[in-house]
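The opening position of the first sequence corresponds to residue 39 in our numbering, with each subsequent residue numbered one higher.
We put the beta carbon where it would ideally sit given N, CA and C, even for glycine.
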Amino acid sequence: MIDIKYIRKNPDRVKLNNKKRFKDIDVDETLVLADKQSVLMQEVESIRADANAIAAKIPGASESDRAGLISEGKELKARSKEKEDELASVGRELTELLTSFPNILKEDVPEGADEASNIVERVVGEPTVFDFPVKDHMELGEALGLIDTERAAKISGSRFTFLMGDAVLLEFALVQYALATLTAEGFTPVVPPHMVSTKAMGAMGYLQRGGEEEIYHLKNDDLVLIGTSEQALGPMYMDEILDPAKLPIRLAGFSPCYRREAGSYGKDVKGILRLHQFDKIEMFSFTEPDESDKEHAHLLSIQEKLMAGLGLPYRVVKLAAGDTGSPSARTWDIETWMPSQGVYRETHSTSNTTDYQTRRLHTRIKRDGKNEYAHALNGTAFAIGRILIALLENNQQKDGSIMIPEPLRPFMGGRDKIEA
RNA sequence: GGAGAGAUGGCUGAGCGGUUGAAGGCACUGGUCUUGAAAACCAGCAAGGGUUUAUAGCCCUUCAAGGGUUCGAAUCCCUUUCUCUCCGCCA
């Protein structure tokens, strides 16, 4: 959600921003509605003030005055009720409109409708070269007893998998490596609830405009499964006022991610690139408003540090306006080289959501006696499925074994390769 | 899952239809006293929103959350959530 005051002050900038993001939202209508709301609010408050004044007179009033005051009070009450109903309906309409606004993009975000306009900022490492026929992660994984999607399909359907054996050890090695790196950076490891209330999910902005299609809903309990730990970490400080001295708050969430993948039938059906369930370590930061840009660069640098440790070839991409998610003001993706596909695929993402989520969450900080919305940022440390693909494919040897990156070896019993 | 008790300001704890936005205590802030500190004494001290140059004033809202009764609700009624005790179940 963006600030109505901001829209009022900069209507043209908001219009331009929406246009860049290919969102057709009526800014003028929103402003008309907002004005209507503030007029109504003042009317309601003034009626209430009158009603309060009358109620205060009654205890001391004479018997003869009493009846008159009470009927006057009744009248005001009825008038106030009428206005309140009107105000509530305008409020609902306005909130609905406001939540459809995307965040205001940072100046440096490239224009363009889709990923074709994304900017490759740098390429690190060279696409891996093999002097033998390259196998994809499924061939490798099945041969080594790491991945069994067929049996998973039998019990759960498509887009599920059994990770087994060294794949599991590799997952926990990645988790350990990431947590060691992140705690050194001041992150607090967090295992969050995997189910959150629809209220919390709604406050994170994931339930509007078709968002609910993507989310598993446990209807008996009105809980939803998180699609990323961000959805549990963001609402953690809902309705709280944070002490700026304690910022930034840096959280490293480890959790499964549950995704219905409703709109992706037939896309990436092979292997473990796109699953209904995968584990992920996610970075999440709350900062002061003027620190979020610096923090965003920092999150990206941590992602690159983690990648450098694994020695995988990747590139950093800044997403174009149309490819940037609604809550984000700027998003960088890290795309890692996938030898079997011969392309870079997204393995990491980091977004500065500025005050877009914190405004709905009412997560604020008090500075110089004033309340301001904190800024929130998120970034992938490792998404287990995709990083496993990259590791298996890039590190495969001619004999079908997989070299283990050096930083993971201490967590793999000191071994340097996975073999049959 | 069953039975009961509860939720009030930073903390503690009164209030149980009408100057109660909320007694008292602790903590905190300022002052007197003191070489300094402590103690004692005096004074101040909730938050959110609107209006405003204002962290002045004025107005609205807030005693877990939501709804209701009433001219008037922290106080009465309903619903929900959470906490505690006992029983049951369980990793």
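- In the three-state reduction of the DSSP assignment, Lys356 falls in the strand class, which pools E and B.
- Taking a C-beta distance under 7 Å as the contact criterion, Ala458 and Leu182 qualify as a contact pair.
- In this structure, DSSP gives Ser330 a helical state, which the three-state scheme calls helix.
- Taking a cut-off of 8 Å for Cβ pairs, the stretch 397-414 and the stretch 233-245 touch, as three or more such pairs fall below it.
- Between Thr226 and Leu289 a beta carbon distance of about 6 Å is seen, short of the 8 Å cut, so the two are scored as contacting.
- Assigned with DSSP and collapsed to three states, Met176 falls in helix.
- CA-to-CA, the gap between Glu83 and Leu285 works out to about 37 Å.
- Contact between the stretch 414-434 and the stretch 311-327 is present, with at least three C-beta pairs closer than 8 Å.
- Within the stretch 160-238, the runs of alpha helix (DSSP H) at least 4 residues long that lie entirely inside it are, in chain order, 175-181, 187-194 and 204-222.
- Of the candidates Leu178, Arg405 and Glu223, the residue whose Cα lies closest to the Cα of Lys343 is Glu223.
- When C-beta atoms of the stretch 360-367 are compared with those of the stretch 140-151, three or more pairs fall below 8 Å, so the two segments count as touching.
- Across the set Arg353, Ala283, Gly309 and Ala300, the C-alpha of Ala283 shows the shortest separation from the C-alpha of Glu329.
- In this structure, the straight-line span from the alpha carbon of Ser102 to that of Ser76 is close to 39 Å.
- Distance from the CA atom of Gly203 to the CA atom of Leu446, rounded to whole angstroms, is 15 Å.
- Separation of the CB atoms of Ala414 and Gln395 is rounded to 5 Å, and the pair is thereby assigned contact status at 8 Å.
- Put simply, the backbone Cα of Lys74 is about 25 Å away from that of Lys57.
- Annotation: Asp371 is outside any alpha helix (DSSP H); the continuous beta strand (DSSP E) that includes it extends over Arg368 to Met376.
- Sixteen is the threshold: when 16 or more other Cβ atoms of the shown chains lie within 10 Å of the Cβ of Val234, as they do, the residue is buried.
- Boundaries of the beta strand (DSSP E) harbouring Thr388: Val381 to Asn390, taken from the DSSP string.
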